[in-house]
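K.L.:
Questions regarding the structure given below will be posed in turn.
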Amino acid sequence: MFSRFGIGRVLGISGRLSNLCVSLKPEKVLLASQSSAIHSSNTRMNSTEQYKFETLAVTKPQEHVIQVELNRPDKRNAMNGTFWREMVDCFRQIGDDSDCRAVVLTGAGKIFTAGLDLMDMGSDLMNSDLEPSRRAHMLRKLILFLQESFRSIEKCPQPVIAAVHSGCVGGGVDMICSCDIRLCSSDAWFQIREIDIGLAADLGTLQKFPKIIGNDSLARELCFTGRRFTAEEALQFGFVSRVSPGRDILLKDALELAGQIAKKSPVAMAGTKHNLNFSRDHSAQEGLEYMATWNMAMLQTEDILKAVQSTMNKEEPVFSKL
């Protein structure tokens, strides 16, 4: 979860955790985001004009595709308090954007992300005026809120493609584990580094990474040692599905893939993503029963008829907004 700073610097900062919790107020932020999402669903955004953030740059590089770029290049895209709030808001807005059908997640600057910004957030894990049990409850609320930031990627009905260049450290691995598809450039490297600063990764890697790569022994090795693994290794054990020879080609490949996804039925795509996520955490039988319940409504979509007619006429189907 953490970027690469000395632990002495972490312990030397004071007074931020209480301020962070006050500024984040997990319950209030979530309620505010839910209210914003309801409002957004009524207005149905069709451009990126409403996506105004400090730590994220949101653009629309092609039809039905949104690019979300981590935008703190001078800080190696380290994740500060503002970032966590904006991730929730951003992906909830995208989820309500009826014109968006696929998302590409990238990083500005020399590195994809260095993980959590310890200078902004980390020091006060060791500092609080609260007595231990109350401090523990406050920390739990904070961790749950940080987890929600990445869960918002999973909850987003549109597929999210991570395009990773250079380093992806700690919280960056947590984040891309929540993405649907992971691509990287040949210079990319990954590191589950929390173990090196005395922590167990708490934002999703330990729960998702072993299932993604399908190799429990290797997952434990990488989590226990915190060693870097390369793009070639990531491809070999299935953490990424493609390695591009350079950053520019990586973005081109990611946008091309997003464009292919965007041509499909948004109803079918949302249902496919939702049920893949459900099946990951349930038995095959539970997944089948859930799928039957889901499709008893979704089979009534006009998209099926449009797809069949387009196939018969050898035409590209045109689907309505979700």
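The opening position of the sequence shown corresponds to residue 20 in my numbering, with each subsequent residue numbered one higher.
Heads up, the beta-carbon is just placed ideally off N, CA and C, and yes, glycines get one too.
Going by C-alpha to C-alpha distance, which of Thr132, Phe169, Phe256 sits closest to Gly233?
P.N.:
Phe256
K.L.:
Considering only their Cβ atoms, is the gap separating Ile280 from Gly245 smaller than 8 Å?
P.N.:
no
K.L.:
Does the contact criterion of 3 or more C-beta pairs under 8 Å hold for the region 285-299 versus the region 182-193?
P.N.:
no
K.L.:
Mapping the DSSP letters down to three states, classify Phe297 as helix, strand or coil.
P.N.:
helix
K.L.:
I need the straight-line Cα distance from Leu163 to Gly217, nearest angstrom please.
P.N.:
19 Å
K.L.:
Enumerated in chain order, which unbroken segments of the alpha helix (DSSP H) with a length of 4 residues or greater are wholly contained in the region 184-214?
P.N.:
190-196
K.L.:
Are there 16 or more other CB atoms within 10 angstroms of the CB of Asp300, so buried, or fewer, so exposed?
P.N.:
exposed
K.L.:
For Glu275, does the three-state DSSP call read helix, strand or coil?
P.N.:
helix
K.L.:
Can at least three beta-carbon pairs, one atom from the region 91-106 and one from the region 238-253, be found at a separation below 8 Å?
P.N.:
no
K.L.:
Quickly, what does DSSP pair Phe248 with across the bridge? List them, please.
P.N.:
Phe209
K.L.:
One question on the structure: do Arg344 and Phe258 come within less than 8 Å of each other, judged by their Cβ atoms?
P.N.:
Lying outside 20 to 341, the shown extent of the chain, residue 344 is not represented and no answer is given.
K.L.:
For Met98, which residues does DSSP report across the bridge?
P.N.:
Leu135
K.L.:
If you draw a straight line from the alpha carbon of Ala207 to that of Leu269, how long is it in whole angstroms?
P.N.:
11 Å
K.L.:
Would you identify the three-state DSSP class for Arg261, choosing helix, strand or coil?
P.N.:
strand
K.L.:
With distances taken Cα to Cα, identify the nearest neighbour of Asp115 among Ser185, Gln328, Lys174.
P.N.:
Lys174
K.L.:
Confirm, please, whether the CB-CB distance from Lys340 to Asp118 is below 8 Å.
P.N.:
yes
K.L.:
Leaving out five residues before and five after Leu75 in sequence, what residues of the same chain have Cβ atoms less than 8 Å from its Cβ?
P.N.:
Val87, Glu88, Leu89, Asn90, Phe102, Glu105, Met106, Cys109
K.L.:
Just the Cα atoms here: how many angstroms apart are Thr12 and Lys129?
P.N.:
In the structure as shown, the chain starts at 20 and stops at 341, and residue 12 therefore has no counterpart that could be examined.
K.L.:
Using the Cα positions of Ile180 and Gln304, report the straight-line distance between them to the nearest angstrom.
P.N.:
Between Ile180 and Gln304, the C-alpha separation is close to 28 Å.
K.L.:
Just reading off the alpha helix (DSSP H) that Ala316 is part of, what are its end residues?
P.N.:
303-317
K.L.:
Among Leu124, Pro229, Gln319, which one has its Cα closest to the Cα of Cys198?
P.N.:
The shortest Cα separation from Cys198 among Leu124, Pro229, Gln319 belongs to Leu124.
K.L.:
May I ask whether a heavy atom of the ligand COA can be found less than 7 Å away from the beta carbon of Phe169?
P.N.:
Ligands are entirely absent from the displayed structure, and the ligand COA is therefore not among its contents.
K.L.:
Going by DSSP, what residues sit across from Val123 in a beta bridge?
P.N.:
Gln86, Ile180
K.L.:
Whose C-alpha, out of Gly100, Ser168, Ala127, is nearest the C-alpha of Asp139?
P.N.:
Gly100
K.L.:
Hey, out of Arg154, Arg153, Ser205, Val122, whose CA is closest to Ile195's CA?
P.N.:
Val122
K.L.:
On the CB-based measure, 16 or more other CB atoms within 10 Å of its CB, does Gln53 come out buried or exposed?
P.N.:
Caution applies to Gln53, whose pLDDT of 45 falls short of 50 and renders its modelled position unreliable; the value that the coordinates give is listed next. Answer is exposed; the Cβ neighbour count stays below 16.
K.L.:
Using C-beta distances below 6 Å, list every residue in its chain close to Asn61, excluding the 5 sequence neighbours before and after it, in chain order.
P.N.:
Confidence at Asn61 is low in this model, with a pLDDT of 39, below 50, so its placement is unreliable and the value that follows should be read with caution. Taken in chain order, the list of residues that qualify is empty.
K.L.:
Based on the DSSP secondary-structure assignment, which residues constitute the bridge partners of Val286?
P.N.:
Paired residues: none, contrary to the question.
K.L.:
Quick check on Ile280 - is its C-beta less than 8 Å from some C-beta in chain D?
P.N.:
The question asks about chain D, but that chain is absent: this structure has only one protein chain.
K.L.:
Have a look at Glu73 and Ser263 and give me their C-alpha separation to the nearest angstrom.
P.N.:
In this model, Glu73 and Ser263 are separated by some 29 Å (Cα to Cα).
K.L.:
Just the Cα atoms here: how many angstroms apart are Met98 and Ser205?
P.N.:
Going by the C-alpha atoms only, they are around 24 Å apart.
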